[in-house]
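The sequence shown begins at 441 in our numbering and counts up by one. Note that the Cβ used here is the ideal one computed from N, Cα and C, for glycine as well. Structure first, commentary second.
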Amino acid sequence: MGDQKSITELALKATLVGDIIQMRVEKEALDAEPRDRVAPVLRPPSAEGDQPTLERFAKTADGEWELEKVLGVRGTTTVEIVVRRIAS
Numbered sequence: 441m442g443d444q445k446s447i448t449e450l451a452l453k454a455t456l457v458g459d460i461i462q463m464r465v466e467k468e469a470l471d472a473e474p475r476d477r478v479a480p481v482l483r484p485p486s487a488e489g490d491q492p493t494l495e496r497f498a499k500t501a502d503g504e505w506e507l508e509k510v511l512g513v514r515g516t517t518t519v520e521i522v523v524r525r526i527a528s
């Protein structure tokens, strides 16, 4: 996610069906394709009192999110993904 604002676990839980998240991830960390169901993978808190933050999404059969788009330029190591909440 780099310079993007971190998405916290609490913010993820507050999303509604139909909500969309866009984020950048390392291409090699992406194990899903568009239309796959995915689930958030959280990074542990960096300091005491902080919340876990969204690191990436991983393919799973029972995910509450769907990978809608993967956008990137050939030859780059980072891609932008768009995921939509499909269940709660």
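Item	Value
What is the DSSP secondary structure of Leu-450, counted as helix, strand or coil?	helix
Are Asp-476 and Lys-499 touching if we call contact CB-CB under 7 Å?	yes
Tell me whether the stretch 466–485 and the stretch 503–519 touch, counting them as touching only if at least three CB pairs, one residue from each stretch, are closer than 8 Å.	yes
Measuring alpha carbon to alpha carbon, tell me which of Ile-460, Arg-496, Arg-525, Val-457 ends up nearest Thr-518.	Arg-496
Tell me the DSSP bridge mates of Ala-498?	Ala-479
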